[in-house]
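Okay, so here's the structure we're looking at.
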Amino acid sequence: MAQAILEVDGFKKHFPTKRGTVKAVDGIDFSVESGATLGLVGESGSGKTTTAQCIIGIYPPTAGRIAFRGQDISRRFEARSRELKRSIRIVFQDPGSSLNPKRSIKQILSVPLAVHRQGSAKERLTLVRELLEMVELPPDEYMYKYPSGIGGGEKQMVAIARALATDPALVLLDEPTSALDVSVQGKIINLLIRLRRELGLTYLFITHDLSLMRNVASEVAIMYLGRLCEIAPTVEFFQNPAHPYTRMLLSSIPVVSVEEKALKPSKITSRGEIPSPVNVPPGCGFHSRCPEHSEHCSRIDPQMVEIGPAHVVRCHRFEGVAVATGAEETD
Amino acid sequence: MKAERRADLLATLAQRRRALAKGWYKFSRNPLSVLGLVVLTIVVLAAILAPFITPYPEHARPYTNFKAASLPPSAAHFFGTDRIGRDIFSRVIFGYRFSLMIGAVVLGLSVPLGVVLGLIAGYRNGSLIEVVIMRITDIFLAVPPLVLALAITAMLTPNLTNQMMAIAMVFWPWYTRLVFAVASSLRNEFFVRDAELTGASRAHILFREILPNCFAPIMTKMTLDMGIVILLGASLSFIGLGVQPPKPGLGTMVAEGAKRLPGEWWSTIFPALAIVIVILAFNLVGDGIRDVFAVEEV
Amino acid sequence: MTPLTDSTLLSIDDLHVGFRVFEGFLDVLNGVSLELGEGERVGLVGETGCGKTTTVKSILRVLPTPPARITGGRILYRGKDILRLSRRAMRHLRRVELTAIFQDPLTSLNPVFTIGTQLRDVVRDSLAGSGTKLTHREVEARCVKALAETGMADPERIMGSYPIQLSGGMRQRVCIAEALSTTAQLLLADEPTTNLDVTIQDQILRKLDELVDEKNVTVLIITHSLGVVMDLTQRLYIMYAGTMVEEGKTQEVFAKPLHPYSQGLMQSVPRLTGEGVSEGIPGRIPNYLDPPSGCRFHPRCEHAMPVCEEHKPPMLEAGIDRRVACFLYGGE
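Protein chains in written order, with the numbering used here: chain A, 14 to 344; chain B, 127 to 424; chain C, 27 to 358.
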């Protein structure tokens, strides 16, 4: 009965600047089923944060369509209904700046409650306590503190509580634990997993940490230079990584055990740097760094093809293997 | 439910008290700031209690006594008397009332105006309203403060009220510019974004999210500005466009006594010193306030 | 512990550092000891707030000493106590012998000068410290060579660029070039790749590995990322709340961490093998205003014994070239 709660179709986001048009996202398609955790993975310049920003409504798309529960939501947050603002929420990357340093935790958590829930100040007070308990922060201790008086992990838990205060359906998590120590990360991730189950949430989890994705996501999508390279269910993804960029990414991850080392693709090592998104090279965006590229790759942009159950790749090397998805024509 | 609200209030108050204690600690690190605060407290108290602590409170009102005119400083008259026999010490204390009142009224008018304009312009940076507000601000800032105050007072009748309005017109643009800088840089911070995305009202974002982050520079500037306002007020009175005789404005007294230099030096020097002392006190306190809000690096 | 090579380059001996703040006194470094042998590659691993940056700053003597106070211990560089050196001697040391790379290359480079200007300054300054004088052309050549060595494709163009025009990875390469173009023998790298993309991080670490090998520089890498030290270092120290808790050969510490904190840390790292995410280590890092008595980890330790609260565990031998500061391994 799982239904796609989020659908992204031909989505593009370009930013005109003096130096030229920055093509932050240049045509991506994916969908997320209700209750899933989609891991959106990419490095800087990949467009993953821009994608999240458009889903939440910080920017309107330049082209394409974003649909939530079947409804088109491709517009800025100002033009969105209150109901939509309630249903899709975001947890930002940097806990240090996502909480107003001059407001107490109680005041911070009261804001979404005041906007979206009718009720008196007394009722809000009770709700704030409930929210803090939900993220395992003792209310009496934390309500009156200021962000500067609590640690990074706790700040992030407050940010999560704030996101969940409106009882949303879809939560975007933009690198929620990247700025945190590894011993704190576990607590936050487990909290997120538990809350997803208990509250029936869907997550779009953005990160660059593939080791984390391996343990959290139900599906993984890799972005590079504004395009999607590969999408697959998690286990399939890590067992059969197809795209050369995916394999380069996997080979670069610092790991801590011999077993993990054995899992990393060995024949491909990282080289080169991401080109500027103003000057996207013609053909496949990755060809300048790809150890397996051919002359064809520098001229023609590849299309998504399906190479396994729910596993799609956008790379010329796989075009002979399977039929193209959708209505796109292969070249 | 009632009990919860009370507990909430108590906890919030406790937090405020802690913040105050910490603020005092930082302020008191600098002995000069504490000195400034002490002097300022004395001046303010003296001004408030003027009728009760001055030896000759009636001399602040129209009064003449040519028999006691132009007396040098003595035990009976600490600062001597002026040419119509009024005790300068008492008049100076009463003069402080005008100075402090001018400061309070001017800042009370110009700061809210300047801050609100700055918040709007900063938050809507890049829009038409920002351009309009900031260019008007620029125009006001382009005119030298004293000249602007002069021009406005000269157009109206010279008296205390108009003097205060004129100076207020000089001051609001500085606060607009200050708050504009902070607001426009905070506009893209995650916590402001989050409030917007949640659907909070514009008023909430301006006054509850952005404004609290502007307090530090506003407070510091206000304390330092008190000194400047007082000086500006005294300057206007000195030229004759402010506090009118026979009222004991400090600037007015300096002007009256200036004609008598160097002979009856006391009728000018003491009012002038009084101005210097109060401005200095405000500046020292301002430095201390700045220390209170300075972010510590550990 | 004896380092793996013959001569000890740097030795920190029971260092105590604290900070005076409004609320009281932050007792941060509580007897930190560390040894680096010449030519060694050593890692110092610890999480946020454990005091590793304070340690680095103490070595370079760039701690702001009004709030900070060094209340005990010595730092010996080639036998001389750095903490007792005159300011002039310290400056000389920083010019000629010590060099550092920090976490954020954008703030390590001066934004208003070109890379060339900065690099030339560094090269000339370091050589002046050892009395050599080179011509313009020689200095230029050295700079370009240093940049090329870090794997940059077009060093001449980089020389004329401003930091803001370069990507994070390139900036960090510039910082590495600056650090390694000096005559320095000791490189302190404080989170050198934390802010970089993982594919760039991989390239930079491999390059650093090569260069350090070539120039026979001694390196102390400070990081919170266990994966980074695994490949890059021969020996490892693990730090918690201002104390060293474990040290040993990197491979051995990873294979079998002894201290409960080290064990918790290793367990917390999400694995590519997909076992799920551990709960992390319960509790919080201690408040330095009122740190736990005895072993600073005892409130969070599932093996805590009464003695752990009363006495601070010394570094105990736990095998060949292996030490742990934990009463589970003896020392009562």
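C-beta atoms are modelled at their ideal positions from N, C-alpha and C, and glycine is treated no differently.
query, result
"Evaluate His329 of chain C with the Cβ neighbour count: other Cβ atoms within 10 Å of its Cβ, from every protein chain shown; 16 or more gives buried, anything less gives exposed.", "exposed"
"Would you mind stating whether Ala255 of chain A and Ile320 of chain A have Cβ atoms separated by less than 8 Å?", "yes"
"Hey, does Ser187 of chain C have any beta-carbon neighbour from chain A nearer than 8 Å?", "no"
"Would you decide whether Val424 of chain B is buried or exposed? Buried here means 16 or more other CB atoms lie within 10 Å of its CB.", "With a pLDDT of 44 at Val424 of chain B, under the threshold of 50, the modelled position of that residue is not reliable, and no figure is offered here."
"Between B:Tyr249, B:Pro270, B:Leu243, B:Leu276, which has its C-alpha nearest Ile262 of chain B's C-alpha?", "B:Leu243"
"Helix, strand or coil for Asn56 of chain C per DSSP?", "strand"
"Give a yes or no on contact between the region 381-397 of chain B and the region 405-423 of chain B, applying the rule of three or more CB pairs nearer than 8 Å.", "no"
"Does any residue of chain A have a CB that is nearer than 8 Å to the CB of Ala137 of chain B?", "yes"
"Excluding the 5 residues preceding and the 5 following Ser307 of chain A in the sequence, name in chain order all residues of the same chain whose CB lies nearer than 8 Å to its CB.", "His329"
"Residues of chain A with CB under 8 Å from Glu256 of chain B, in chain order?", "The premise fails here: Glu256 of chain B is roughly 17 Å from chain A at the closest Cβ pair, so nothing lies under 8 Å."
"Chain C beta carbons: is any one of them nearer than 8 Å to that of Met147 of chain A?", "no"
"For the alpha helix (DSSP H) containing Asp39 of chain A, name the first residue and the last one.", "That residue, Asp39 of chain A, is in no alpha helix (DSSP H); its beta strand (DSSP E) goes 33-46."
"Which residue from B:Ala381, B:Val355, B:Pro374 puts its Cα closest to that of Gly366 of chain B?", "B:Ala381"
"Taking the alpha helix (DSSP H) that Ser304 of chain C falls in, what are its first and last residues?", "It is not in any alpha helix (DSSP H) - Ser304 of chain C carries neither H nor E in the DSSP assignment."
"Answer yes or no: do Cys334 of chain C and Gly356 of chain C have a C-beta to C-beta separation smaller than 8 Å?", "no"
"Using a Cβ-Cβ cut-off of 7 Å (strictly less than) and excluding sequence neighbours within five positions of Arg125 of chain A, which residues of its own chain qualify?", "According to the sequence shown, residue 125 of chain A is Pro rather than Arg. If we look at Pro125 of chain A and ignore the five residues flanking it on each side, its Cβ neighbours are Arg175, Ala178, Thr179."
"Taking DSSP as the reference, what is the three-state secondary structure of Arg97 of chain A?", "Checking the displayed sequence, the identity of residue 97 of chain A turns out to be Leu instead of Arg. Note: Leu97 of chain A maps to helix in three-state DSSP."
"Using the beta-carbon of each residue, which ones in chain C are nearer than 9 Å to His221 of chain A?", "Asp223, Val224"
"So, is the C-beta of Ile266 of chain A closer than 8 Å to a C-beta in chain C?", "yes"
"Within the 8 Å Cβ cut-off, does Gly414 of chain B reach chain A?", "no"
"So that I know if they touch, is there some Cβ in chain A lying closer than 8 Å to that of Val148 of chain C?", "no"
"When you compare the CB positions of Glu301 of chain C and Lys200 of chain A, do they come within less than 8 Å of one another, or not?", "no"
"Verify the CB distance criterion: does Gly325 of chain B have a CB-CB separation below 8 Å to chain A?", "yes"
"Does chain F have any CB closer than 8 Å to the CB of Lys26 of chain A?", "Reference to chain F is not applicable here, since the protein chains of this structure are A, B and C."
"Under 8 Å, do Glu232 of chain A and Ala76 of chain A count as touching if we go by C-beta distance?", "no"
"For Arg132 of chain B, count the other beta carbons within 10 Å of its own beta carbon; 16 or more makes it buried, fewer makes it exposed. Which is it?", "exposed"
"Could you say if the region 199-215 of chain A and the region 32-52 of chain A meet the contact criterion of at least three C-beta pairs nearer than 8 Å?", "yes"
"Can you tell me whether Phe297 of chain B is buried or exposed? The criterion is at least 16 other CB atoms within 10 Å of its CB, across all chains shown.", "buried"
"Thinking C-alpha only, which one of C:Phe51, C:Tyr287, C:Ala215, C:Ser134 is nearest Leu258 of chain C?", "C:Ala215"
"Counting along the chain, where does the beta strand (DSSP E) carrying Phe81 of chain A start and finish?", "76-81"
"Within 8 Å of any Cβ in chain A, is that where the Cβ of Leu41 of chain C sits?", "no"
"Flag Asn339 of chain B as yes if its beta-carbon sits less than 8 Å from any beta-carbon of chain A, otherwise no.", "yes"
"Leaving aside the five residues before and after Gly285 of chain A along the sequence, list all residues of the same chain whose C-beta is less than 7 Å from its C-beta, in chain order.", "Ser301, Arg302"
"If we call anything under 8 Å between Cβ atoms a contact, is Gln129 of chain C one with Leu135 of chain C?", "no"
"Cβ atoms of Arg319 of chain B and Ile101 of chain A: under 8 Å apart, would you say?", "no"
"Could you tell me the distance, in whole angstroms, from the CA atom of Pro283 of chain C to the CA atom of Lys78 of chain C?", "20 Å"
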